[in-house]
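*Asks:* Quick note on numbering: the sequence shown equals residues -20 to -1, 1 to 568 in mature numbering (1 follows the signal peptide of the UniProt record, and there is no 0).
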Amino acid sequence: MESRAFCLLMLYCFINVCKLHPLIRPSNGLRLCRKNSSLPALEVLPGGGWDNLRNIDMGRVMNLSYSQCQTTEDGVYLTPDEVFVIPQKVSGGETNSEIIMSWLEQKSSTSSSINADVSFYSVLNAKFSAENQRMKTHQVKESSVTARVQNRFQRGQMQKLPSAVRDWRPFSRCSKQLSSALHHSVDSLMKSSTSLINNNWEIDLSLDDIGKAIIGGSRSDIAKFAQSQNAMDKATFALNEISCTYYSFRVTDHPELSTEFSKHLQRLPTQYDVKTKALYQRTIDTYGTHYIRQVHLGGRVRRVTAFRTCLATLKGFSETDIKNCLNIELKMTLGFLPANVSLSNKCSQILKDNMNMGFHQGFMTHKTEVLGGEKYFPDLVLNQSPAEAYSNWMMSLHDNPEVISYAILPLHHLVADPEVSGNLKTAVTEYIEENMLSVDHKESQGCSQTPNLDYNCCPMQAGRGKLVVTVERAAGLKADLFTCTDGYVKVWYNLMYEETEVIMDNNDPEWNISYDLGSIEFGHELIFEVWDSDVIYNDFVGICVVRPERGSHSHSCKLKRGILYFTYNASCDAHLTGPRCSRYSPKA
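1. Using a Cβ-Cβ cutoff of less than 8 Å, which residues in the same chain neighbour residue 541 once the five nearest sequence positions on both sides are dropped?
2. CA-CA distance, residue 567 and residue 391?
3. Can we say the segment 214 to 224 touches the segment 157 to 164, given the rule of at least three CB pairs closer than 8 Å?
4. Reducing DSSP to helix, strand and coil, say where residue 171 ends up.
5. Which word fits residue 300, buried or exposed, when buried means at least 16 other C-beta atoms lie within 10 angstroms of its C-beta?
6. Could you check if residue 251 is buried or exposed, using at least 16 other CB atoms within 10 Å of its CB as the buried criterion?
7. Please state the DSSP three-state secondary structure of residue 317.
8. For the alpha helix (DSSP H) that contains residue 278, what are its first and last residues?
9. From this set, 319, 294 and 407, which residue's C-alpha is nearest residue 265's C-alpha?
10. Would residue 234 be called buried (16 or more neighbouring beta carbons within 10 Å of its own) or exposed?
11. State the start and end residues of the unbroken beta strand (DSSP E) segment that holds residue 230.
12. Sort out for me which residues DSSP pairs residue 470 with in a bridge.
13. Apply the 10 Å Cβ neighbour rule to residue 209 and answer buried if 16 or more other Cβ atoms are within range, or exposed otherwise.
14. Assign residue 296 to one of two classes, buried (16 or more other C-beta atoms within 10 Å of its C-beta) or exposed (fewer than that).
15. Ends of the alpha helix (DSSP H) at residue 260?
16. Looking at the secondary structure, which residues open and close the alpha helix (DSSP H) in which residue 581 lies?
17. For residue 377, count neighbouring Cβ atoms within 10 angstroms of its own Cβ and tell me buried if that reaches 16, exposed if not.
18. Relative to the C-alpha of residue 575, which candidate in 565, 382, 562 and 330 has its C-alpha closest?
19. With DSSP collapsed to three states, give me the class of residue 432.
20. Roughly how far, in whole angstroms, is the beta-carbon of residue 371 from the beta-carbon of residue 279, given that I think they are within contact range, below 8 Å?
21. Taking the alpha carbon of residue 229 as the reference point, which residue from 494, 495, 51 and 448 has its own alpha carbon closest?
22. Between residue 450 and the rest of its own chain, which residues show a CB-CB distance below 6 Å, the 5 nearest in sequence each way excluded?
23. Under 9 Å between the Cβ atoms of residue 497 and residue 479?
24. Starting from residue 501, follow the beta strand (DSSP E) in both directions and report where the run begins and ends.
25. Assuming residue 403 contacts residue 564 under a Cβ cut-off of 8 Å, what Cβ separation, rounded to an integer in Å, is found between them?
26. For residue 531, which of helix, strand or coil comes out of DSSP?
27. Mind checking who residue 536 pairs with in its DSSP beta bridge?
Now the structure itself:
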């Protein structure tokens, strides 16, 4: 009976499921375009949200449709109707361009020279040519603008671009030039990373009172890496990168918003206070602080190397040495130099022997970012040379580009409701202020003029510190047979010498005098000699010898005739530790 009831229940469920209507999602036209064309759709597009503190893509805020089935200028990708595509010329040749405001102003690139002074009405030259007819199709309404570009490395071929190229700039960014820079603080490194933003992203955000705080990228992976390295030890950052740009994209000034983003905005209250702040914060968590209006696509290899500044200084490695060696190493990795190129002894020490520098983790840590392309890095691809890996990666960029620079605008610019727009602006401003990276003022203060410290406030030599010696007293001195001792003490350390005053007729003298010997090198003997002052010649009473170690130490030293009591205090220079200050310590 139970099994029969179960079967009836399953049959009922099946019948009802069959009656369910399938979920119909609105089509953006891409599927229809693909019926007539095998071209892929470009996946990396502007119009998405962007968190400018974490430097990551967020939810899409603009609607993208493919009703026109338009392609990139080179015919490689399908692109949305709302996106203008500008191929970046990757040759090293000279590129000329002109702006044509109206189709009546258009002149044929050939007829303007061939028909010069031949036709009485030169304005009619080539007005019925295919070039001019194509020009008219691009000229939509009075405000539309067309750019004509001549590339000398493409046999002088003229190429027209859409109206989005009003601010177009021809440039080539595809070469084997490896850029490098040194940054002495997290602040400087982060400012460099935000240079990938090619516009003023702070516009209209009321961020005038934040001083010199670092905002852009303050929660990015590079920021976290740099902060963690700097927390462990004083770090200098070497930034190396190479990039190649193929395309530039820009969206329309008044784009259609995505359905989800529009619904999200409709749910936002018109009041902004403590109770409603969480709703606006959720919007930022989903869509970011800005939206991407323009992007440059291509590829980039970027490596940040954090090296421990003071540890490198102690080992005699200058920042220039490290920077040059890192450049050589990366050029070998990219295949710019043969893998078997011989390194100098210093580079070999820096790159291969840094594990033997007193700390198990060495003194250099790398973080590498690869944007765009496939199959990189060479050490991840078996049986492939660095040069071959780099070449394959470069060739794959055209088919697999990634965003390497961008222009962004605050998210509230997309909101039509003035109250909600103002509230979102306030929420974004507060989010930025709450998460900005404060400038480390200690980095700019420098260090006091202290021996054995360089301009980075790092010790230049290990085994150095300060020494203070105190000659306290002596007891039971019997230097003369018939009179008491006229005692005094000589103190030597390396080439430094001090001498106490003479205490007359006292076998138990008390000097209690201290000598600050200043900056010293550990490892030498601290020598105390006790003498008896006489008229003709002085009598030697005894000697005490110790090798100073870090800390405060009291000694009683047995002489030939009597005992000497003395103390010394030895301290290490900054970032040095150990009994004789021979070991590096970032916390010391």
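We treat Cβ as the ideally placed atom computed from N, Cα and C, and that holds for glycine. Model, not experiment: these values are computed from the prediction.
*Replies:* Per the coordinate set shown:
1. 456, 457, 458, 459, 521 and 522
2. 43 Å
3. yes
4. helix
5. exposed
6. exposed
7. coil
8. No alpha helix (DSSP H) contains residue 278, which is instead part of the beta strand (DSSP E) from 270 to 288.
9. 407
10. exposed
11. 215 to 231
12. 479 and 509
13. buried
14. exposed
15. 257 to 267
16. Because the chain spans -20 through 568 in this model, residue 581 falls outside it and cannot be assessed.
17. buried
18. Residue 575 lies beyond the residue range present for the chain, which begins at -20 and ends at 568; the question has no answer from this structure.
19. coil
20. 13 Å between Cβ atoms; not a contact.
21. 51
22. 494 and 547
23. no
24. 490 to 501
25. Not confirmed; about 53 Å, so no contact.
26. strand
27. 545
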